[in-house]
Each structure stands twice: as C-alpha cells, then as structure tokens.
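Some notes on the structure that comes next.
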Amino acid sequence: MILVILVPIRGKNDHPFEKSQQIKTAVDLKDPDIMMATYFAIWEHNKIAAKNKQLKPLTFVSLSKADKRLVRGMIVYDLVITAKDGGAAEPKNYNGVVWWYIFSNRMIFKSLVEAGK
Numbered sequence: 289m290i291l292v293i294l295v296p297i298r299g300k301n302d303h304p305f306e307k308s309q310q311i312k313t314a315v316d317l318k319d320p321d322i323m324m325a326t327y328f329a330i331w332e333h334n335k336i337a338a339k340n341k342q343l344k345p346l347t348f349v350s351l352s353k354a355d356k357r358l359v360r361g362m363i364v365y366d367l368v369i370t371a372k373d374g375g376a377a378e379p380k381n382y383n384g385v386v387w388w389y390i391f392s393n394r395m396i397f398k399s400l401v402e403a404g405k
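Structure, rendered in structure tokens:
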C-alpha cells in the first residue's frame with residue numbers, strides 16, 4: 289500500500305511533518321528510488337485530479353529536495369517537487385510525502401548433501 293500527499297508550499301514552516309521526531313536522511317536527488325517516488329507522487333496526484341475538478345493536473349519540472357526516513361516498517365519520502373499546475377506559466381513548489389511499505393521475504397536454504405539426498 290502506498291499513500292501520497294502533495295501540498296503547495298506557502299511559507300517556510302508549512303511542511304505538515306516538520307516537527308516529526310524521526311531522523312531524516314538526505315538522499316541523492318538522482319537516486320532511482322527517489323525518482324520513482326517523485327514520479328509516482330505526480331502520477332497519483334494527476335489520477336485524483338482527473339476525478340476532482342478542483343485540482344489541476346501537475347507537470348513535473350524538477351526535484352528540489354528529498355529526505356527519507358524509516359517509520360514502522362515503511363520508507364517515508366519527503367519531497368519538494370517543482371511542477372506546473374494546469375496552464376500556469378510559472379512552476380510552483382509542492383511538498384510531496386510518499387509512504388512506501390517494505391515487504392520482507394524469508395528464505396531457507398539447506399544443503400542437499402546434509403539433507404540426505
């Protein structure tokens with residue numbers, strides 16, 4: 289399950305999770321996982337905007353900042369995405385928050401010789 293929130297930035301302290309006690313890790317903005325989360329946030333917003341005419345579809349321009357942290361088995365990406373909304377001439381900055389659940393796999397290997405085969 290994945291959850292996305294995109295919020296326009298209005299002021300310096302507008303980030304909805306700014307007071308979080310979690311330790312954030314700055315990441316490489318070109319990291320494939322970060323870019324996947326960024327494009328997913330835009331795609332998900334546009335999917336919602338297609339059904340809700342109060343929202344305008346966004347066109348990705350750039351990624352300005354990204355942090356990631358681990359919270360209760362999820363990777364949380366805090367993104368500052370620069371995008372154009374609708375037919376706007378100038379792009380705006382948006383806070384994007386993407387929660388990515390981590391699924392774990394377990395595997396057991398046994399030697400066939402030791403197993404008597």
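Residues in the sequence shown are numbered from 289 upward in steps of one, following my numbering.
Idealized CB from N, CA, C, for every residue including glycine.
Just so it is clear, the structure is predicted and the values come from calculations on it, not from any experiment.
Leu358, buried or exposed, once every other Cβ within 10 Å from all chains shown has been counted against 16:
Within the sequence shown, numbered from 1, the residue matching residue 358 stands at position 70. Its Cβ having fewer than 16 others within 10 Å, Leu358 is exposed.
Quick one: what does DSSP say Ala376 is sitting in, helix, strand or coil?
Position 88 of the sequence shown holds residue 376. Residue state, collapsed to three classes: coil.
Is DSSP giving Asp355 helix, strand or coil here?
As a working note, residue 355 is residue 67 in the sequence shown. In the structure shown, Asp355 sits in a strand (DSSP, three-state: E or B).
Applying the criterion that 16 or more other CB atoms from any shown protein chain within 10 Å of the CB defines a buried residue, is Tyr382 buried or exposed?
In the sequence shown, the residue the question calls residue 382 occupies position 94. Buried, since its Cβ has 16 or more Cβ neighbours within 10 Å.
Just how far apart, CA to CA, sit Tyr389 and Ile363?
Counting from one through the sequence shown, the residue named residue 389 turns up at place 101. Counting from one through the sequence shown, the residue named residue 363 turns up at place 75. So the alpha carbons of these two residues sit roughly 6 angstroms apart.
By Cβ distance below 6 angstroms, which residues in the same chain neighbour Gly374 in space, the five residues on each side in sequence not counted?
Within the sequence shown, numbered from 1, the residue matching residue 374 stands at position 86. Within the same chain, Gly374 has close Cβ partners Lys344.
Opposing strand residues paired with Ala371 [DSSP bridges]:
As a working note, residue 371 is residue 83 in the sequence shown. Its beta-bridge partners are Phe348, Lys380.
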